[in-house]
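Worksheet: one structure, shown below.
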Amino acid sequence: MLSGRTQILGIFGDPVEHSLSPVMQNAALKEAGIDAVYVPFHVVPEQLPAAVASLRSLQIRGVNATIPHKETICSLLDDLDEDAALIGAVNTVVNQDGRLIGYNTDGAGLVASLKADLDFDPVQKSVLVLGAGGAARAAIVSLLRQGCRHVTIANRTPERARQLVYTFQDKFKGTTLAVAGVTSAELTTAVAACDLVLNTTSIGLQGEAFSDFPWGAVSSKSCFYDMVYRRGGTPFVARAKESGARAVNGLGMLAAQGELAFELWTGQPPPSGVMKCRLLAEVADI
Ligand code: NAP
Numbered sequence: 001m002l003s004g005r006t007q008i009l010g011i012f013g014d015p016v017e018h019s020l021s022p023v024m025q026n027a028a029l030k031e032a033g034i035d036a037v038y039v040p041f042h043v044v045p046e047q048l049p050a051a052v053a054s055l056r057s058l059q060i061r062g063v064n065a066t067i068p069h070k071e072t073i074c075s076l077l078d079d080l081d082e083d084a085a086l087i088g089a090v091n092t093v094v095n096q097d098g099r100l101i102g103y104n105t106d107g108a109g110l111v112a113s114l115k116a117d118l119d120f121d122p123v124q125k126s127v128l129v130l131g132a133g134g135a136a137r138a139a140i141v142s143l144l145r146q147g148c149r150h151v152t153i154a155n156r157t158p159e160r161a162r163q164l165v166y167t168f169q170d171k172f173k174g175t176t177l178a179v180a181g182v183t184s185a186e187l188t189t190a191v192a193a194c195d196l197v198l199n200t201t202s203i204g205l206q207g208e209a210f211s212d213f214p215w216g217a218v219s220s221k222s223c224f225y226d227m228v229y230r231r232g233g234t235p236f237v238a239r240a241k242e243s244g245a246r247a248v249n250g251l252g253m254l255a256a257q258g259e260l261a262f263e264l265w266t267g268q269p270p271p272s273g274v275m276k277c278r279l280l281a282e283v284a285d286i
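Per our numbering, residue 1 is the first one in the sequence shown, and the count goes up by one each step.
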């Protein structure tokens with residue numbers, strides 16, 4: 001029941017109607033007995049500055065930012081948390097008495113899901129990251145902060161992968177970063193040697209398979225994590241399982257990044273497991 005005291009939370013995206021965040025956040029707010037509502041806001045890129053300004057004028061407590069706003073929103077905020085600044089992307093904004101602070105909970109959400117869903121601890125591990133966009137940057141920063149030993153990045157546009165190595169190598173001493181071409185012998189070597197293969201590309205969103213991936217090099221000891229999730233599962237996860245590896249999709253990461261955002265807005269952790277349960281119910285056969 002809405003009242004004069006109900007706080008507003010939400011998500012800015014274009015498109016936004018597909019987002020599962022409203023159902024999971026509202027389920028958690030209700031279960032926690034918090035007088036707040038989480039609303040999807042369809043914000044087109046040219047309206048983003050006005051939408052961000054409205055957070056102050058309407059005293060909206062906070063929002064998530066999703067495609068295509070995660071990077072452009074950074075320059076519209078008053079301050080960025082250290083990791084959000086390093087990543088160059090924000091997925092969570094907190095309105096602290098009119099000051100808008102940007103955070104990125106995607107990477108920490110990934111790490112939480114790796115632990116919960118694959119029992120994978122990044123310390124001293126070697127990770128192959130497919131993709132070099134915003135999700136890859138968030139993942140790499142969190143994996144390196146957690147003590148990951150080596151990261152290889154393979155991206156369709158190699159220059160973007162090289163840029164990430166250049167950006168992060170100096171910031172994380174004691175870790176090595178490398179680039180592998182998506183159809184190269186180095187990729188086969190990296191697949192065989194790594195502990196985790198992480199898909200941060202959007203391949204699979206429409207059910208499309210990874211062409212040219214060296215599945216023959218997969219070790220049964222490797223873990224596969226697909227940030228993509230979709231009803232019916234993703235071809236990447238299915239193929240990794242066929243190769244004998246343990247593999248999960250990104251539903252756990254979606255829930256975990258939302259849990260961290262919830263805590264930033266409300267000052268308390270959400271009721272345990274509610275968001276993940278709600279997501280599983282929403283995409284029952286994922
Ligand atoms: P982004 O910044 O646009 O980056 C997209 C990446 O995918 C780039 O590396 C791009 O390569 C690559 N790519 C796209 N289409 C490709 C194709 N046909 N073949 C090869 N590579 C292709 O997007 P993002 O924000 O990083 O998001 C990436 C994915 O992660 C999305 O599917 C998103 O839904 C998912 N995600 C999931 C969660 C979660 O909670 N589970 C959180 C964040 C993101 P180029 O550089 O060559 O263009």
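Every residue gets a Cβ at the ideal spot worked out from N, C-alpha and C, and that includes glycine.
This structure is a prediction, so every number in the text was calculated from the model and none was measured.
Cβ separation of residue i and residue j, assumed to be a contact under 8 angstroms, to the nearest whole Å
i, j, result
"V37", "L130", "Not a contact, Cβ separation roughly 37 angstroms."
"T72", "Q257", "That belief does not hold up - the Cβ atoms of T72 and Q257 are roughly 19 angstroms apart, past 8 angstroms."
"I60", "G10", "7 angstroms"
"R149", "K125", "6 angstroms"
"P40", "P22", "5 angstroms"
"N91", "A65", "6 angstroms"
"S202", "V237", "Actually they do not touch by this definition, with Cβ atoms about 15 angstroms apart."
"T200", "A135", "4 angstroms"
"A51", "P271", "About 29 angstroms separates the two Cβ atoms, so there is no contact after all."
"L29", "E282", "Not confirmed; about 16 angstroms, so no contact."
"C194", "T152", "7 angstroms"
Any non-hydrogen atom of the ligand NAP within 6 angstroms of residue i CB
i, result
"N155", "yes"
"G250", "yes"
"M253", "yes"
"Q257", "yes"
"V228", "yes"
"D83", "no"
"D106", "yes"
"R160", "yes"
"S202", "yes"
"L205", "yes"
"G131", "yes"
"G233", "no"
"A209", "no"
"G134", "yes"
Neighbourhood of residue i by C-beta, 6 angstroms cutoff - its chain only, sequence neighbours within 5 removed
i, result
"F224", "V197, A240, A245 and A247"
"G107", "A138, A139, V141 and S142"
"G62", "L9, V93, V94, N95 and W265"
"T175", "L144"
"A287", "The requested residue 287 does not occur in the structure, where the chain is confined to residues 1 to 286."
"A154", "L130, A180, V182 and L187"
"A84", "V90, G102, Y103 and N104"
Beta-carbon contacts of residue i that lie in its chain and below 7 angstroms, excluding the five residues immediately before and after
i, result
"S3", "D35"
"P68", "D14 and P45"
"W215", "R239 and S243"
"D285", "Because the pLDDT of D285 is 47, which lies under 50, any placement of that residue in the model is unreliable, and the number read from its coordinates should be weighed accordingly. Cβ within range, chain order: R231 and G232."
"D170", "none"
"R99", "D78 and D79"
"V191", "L128, V197, P214, A217 and V218"
"T6", "D35, A36 and V37"
"D117", "V248 and G252"
"A112", "A256"
Close beta carbons around residue i, own chain, < 8 angstroms, minus the five adjacent residues each side
i, result
"T157", "A132"
"G273", "none"
"S54", "I60"
Length at least 4, wholly inside the stretch 116–204: the alpha helix (DSSP H) runs in chain order
For the stretch 116–204, whole alpha helix (DSSP H) runs of length 4 or above, ordered along the chain, are 134–145, 158–169 and 185–193.
Write down every uninterrupted run of the alpha helix (DSSP H) in the stretch 46–94 whose length is 4 residues or greater and which is fully enclosed by it, in chain order.
Inside the stretch 46–94, DSSP marks whole alpha helix (DSSP H) runs of 4 or more residues at positions 48–57 and 82–87, from first to last along the chain.
If you scan the stretch 200–249 from start to end, which runs of the alpha helix (DSSP H) of 4 or more residues do you find wholly inside it?
235–242
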